[in-house]
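Below is one structure; the comments refer to it alone.
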Amino acid sequence: MPSTTAPPTLTPSRAAVADRVIGALAGPGATLRDDQVTAVAALSEPKARVLVVQATGWGKSAVYWAATAIRRHEGAGTTLVVSPLLSLMRDQVAAAGRAGLRAETLNSSNIEEWSRIEDSLRAGDVDVLLVSPERLANPGFGRRVLDALAGRIGLLVVDEAHAVSDWGHDFRPDYRRVSDVLQRLNPDTPVLATTATANARVTDDVAVQLGEETLVLRGPLARSSLELSVVDRLSPLERYAWVVDHLPTLPGSGIVYVLTVADAERLATAVRAVHGDRVPVAAYTGQLEPAERERLEDALRRNEVKALVATSALGMGYDKPDLGFVVHVGAPPSPVSYYQQVGRAGRAIDHAHAVLLPSSADDGVWDYFATATIPVAEQVERLLAAMSDATPDDPATVVRLEAETGLRRGRVELMLKQLAVDEVTERVERGWVRTGREWTHDAEHYDGVVAVRRREADIMRAYTRGERCLMQLLQESLDDPAAAPCGRCSVCRGTLPDGLAAAPQPETVRAVAAVLRGRDTVLEPRKMWPGGAFGSRGRIGPDRAVDPGRAVIHADAPEWREVVRAAFSTDAPAPQELLDAGVGVLSRWKGDWRSRPEVAVDLAAAGFPALTGSVADHLATVGRLERASVPVDPAAIRADVRDMTSADEAAMWRDAVPVPAETAAAISGRTVLLVVDATASQWPVTVVGGALRAAGATAVLPLLLHRRV
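Residue 1 is where the sequence shown starts when you use full-length UniProt numbering, and the numbers rise one by one after that.
So, in structure tokens, the structure goes:
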């Protein structure tokens, strides 16, 4: 718990070192603020544990550069900084250099330099080593680097420390590996944890993990440079159009945050289509290669792009002090994460816009995030059973576990990391093994975490409704005792700031819809059979594989939201705009066909035979194709498909959709266009497509009307 002793102070010699560092970072004459002095002084002593919770831009990194310089001056070993993002690492390496320190980083983008850096570490020539929490969990890194540094780390820094706590908005299991580092430390090694986004519960949790004598330094979190606004009552498509309208006139450059990867790509496409090179933008997501993410971060920093349209992958650690705006298309599920993201703007300028464009469509995303990281007992038991025969010489790989359990790869990876935190699984050189420790499902704890996240979602609903001052509400959500009305947000002012409209131009809405409806989503075929109840396991052979397909509507695409709502509410013939879209997809797709389709076959996998059949009929007429069907046996379809394993679902589709003799005759030796109404798993496409191949089709081209998630 927080210490009640008097604040520590710097000796004159230590103060001289600290002043030299701060002068190099912030200019001649710059000095540490009082809380910074307190933190640096504490960290200059053995066994210190310090948690700093301060607003973005307060100068948390200055604390660990000054403390590092003092400790290195006095003969201590290398400072180890655990940091979440490559962008932060690059910024910090540069900042350390300005402070007169030699900093290095080991990450996935500089593998060719690892040997040199590791040699320098062993020689004691590196002042600061920055690593990601994922690197800490890598057994090779532990063996080569942490073992070499054991007992010689001069200072441990845990940046964005709220991620250590599963009560935090961004819990990351790999951060718990920090505890392994703590156990390897010399007991005298000081530890600093920093964050700008921790409420009282997270602060207490992190402080307890650091040690009962932890010194907690917490300051006010209000940001006078930020002008917070909410533009409410827009449809998902209108939100896109609002951004397209306003990007040219928003000040400087900034970030447009979205909730999903698909949103980032769609919105960036819409902006480029309407504005071209006049308003340069790019999509930034966690799916990009590290080098491309680095390039885009630098492009924004140099104002070469007006904005990055980004998921939360661009957040912690990104430093552009003159960022002029942050716009959110969709509210994050937590006021804490929202505060963190808007805190990227206005750090070194007097005024920056932070605009939220909420929608009722956000609720589904919030519900997903509330439970996405919570272990499901049945899934964990399935995963552990699949690992029962894994050994260090023959460990279980993520790919193998995905195939055997039917769980998505991302879910498998998350569960393995969570189980490793509980010491139930262990990562070895080529995969994962069980430790022999039993796993128990702490339902009470996880229920509490979900309840907290849902309360945070309720706070975001209050924020979007403008129930009171927006900055005050954010401060209160972070348990800031200095919370008070800001006098400048759209609630305090009673109106939007000059230059921000309450709605987009109607012609922009139409233009964005037209652009997005002309984009195609590639439907990559599944490559592996699931085994288990399905029987077959392993790679899908070329005689049973379907070709890459296309999806007309992907997930919750805003340009199709109203059409999806109407077309998939009751089974009826497709509306004309969906028929036209199908023709447009085929027209753009034909250059990638290995052979032109000759027979259109409909598959009502989601229970919409009239809808699916009408689309297949229309495409057959326009494309002069023959028609055939594969009827679905409704008695064989279970309602809880989303809760089924891959093996069980694949087996269900195999039994529910036999290929009739007349259909087999119609498709024999021909290329099939398989029209499917909707699916999230793609197992109906994979299994029925494979059955059509087995019945004689030379190729199957899947056309999915709605790719659900």
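Glycine included, every Cβ here is placed at the ideal spot set by N, Cα and C.
If you're wondering where the values come from, they're calculated on a predicted model, not measured in any experiment.
Among the candidates the options, whose CA atom is the shortest distance from the CA of residue i?
i: residue 160; options: 154, 172, 151; result: 172
i: residue 599; options: 646, 533, 674, 654; result: 674
i: residue 668; options: 691, 650, 682; result: 691
i: residue 342; options: 81, 475, 543; result: 475
i: residue 381; options: 311, 406, 339, 623; result: 406
i: residue 175; options: 153, 146, 131, 558; result: 131
i: residue 456; options: 69, 96, 336, 36; result: 336
i: residue 448; options: 519, 371, 421, 188; result: 371
i: residue 522; options: 350, 356, 547, 115; result: 547
i: residue 11; options: 321, 40, 28; result: 40
i: residue 579; options: 62, 127, 47, 615; result: 615
i: residue 385; options: 360, 425, 693; result: 425
i: residue 239; options: 293, 226, 259; result: 259
i: residue 154; options: 289, 114, 129; result: 129
i: residue 639; options: 606, 164, 611, 505; result: 606
i: residue 77; options: 286, 93, 46, 647; result: 46
i: residue 188; options: 224, 544, 150, 409; result: 150
i: residue 344; options: 647, 367, 308, 366; result: 308
i: residue 249; options: 693, 501, 666; result: 501
Quick one: what's got a C-beta closer than 6 angstroms to residue i's C-beta in the same chain, skipping five residues either side?
i: residue 214; result: 49, 51, 207
i: residue 199; result: 478, 479
i: residue 362; result: 330, 331
i: residue 369; result: 333
i: residue 627; result: 600, 620
i: residue 120; result: 126
i: residue 99; result: 21, 24, 25, 65
i: residue 504; result: 238, 241, 242, 245
i: residue 459; result: 335, 477
i: residue 496; result: 229, 490
i: residue 402; result: 409, 412
Please return the same chain residues whose Cβ sits closer than 7 angstroms to the Cβ of residue i, not counting the five positions on each side in sequence.
i: residue 139; result: 427, 428, 429
i: residue 19; result: 31
i: residue 108; result: 290
i: residue 472; result: 483, 484, 485, 486
Residue i and residue j: beta carbons closer than 7 angstroms?
i: residue 710; j: residue 671; result: This structure cannot settle anything about residue 710, because the visible part of the chain is limited to 1 through 709.
i: residue 684; j: residue 653; result: yes
i: residue 221; j: residue 470; result: no
i: residue 162; j: residue 257; result: no
i: residue 64; j: residue 157; result: yes
i: residue 43; j: residue 236; result: no
i: residue 241; j: residue 509; result: yes
i: residue 281; j: residue 268; result: yes
i: residue 325; j: residue 351; result: no
i: residue 395; j: residue 431; result: yes
i: residue 82; j: residue 178; result: yes
i: residue 306; j: residue 274; result: no
i: residue 101; j: residue 114; result: no
i: residue 399; j: residue 413; result: no
i: residue 165; j: residue 216; result: no
i: residue 589; j: residue 550; result: yes
Which of the three DSSP states is assigned to residue i in this structure?
i: residue 3; result: With a pLDDT of only 49 at residue 3, under the threshold of 50, the placement of this residue in the model should not be trusted, and no figure is reported.
i: residue 149; result: helix
i: residue 739; result: Residue 739 lies beyond the range of the chain shown here (1 to 709); nothing can be said about it.
i: residue 593; result: coil
i: residue 432; result: strand
i: residue 408; result: coil
i: residue 528; result: strand
i: residue 574; result: coil
i: residue 538; result: strand
i: residue 35; result: helix
i: residue 496; result: coil
i: residue 244; result: helix
i: residue 396; result: strand
i: residue 677; result: strand
i: residue 127; result: coil
i: residue 106; result: strand
i: residue 627; result: strand
Quickly, what does DSSP pair residue i with across the bridge? List them, please.
i: residue 325; result: 254, 353
i: residue 550; result: 522, 703
i: residue 284; result: 310
i: residue 426; result: 433
i: residue 360; result: Looking at the DSSP assignment, residue 360 forms no beta bridge with any residue, so it has no partner.
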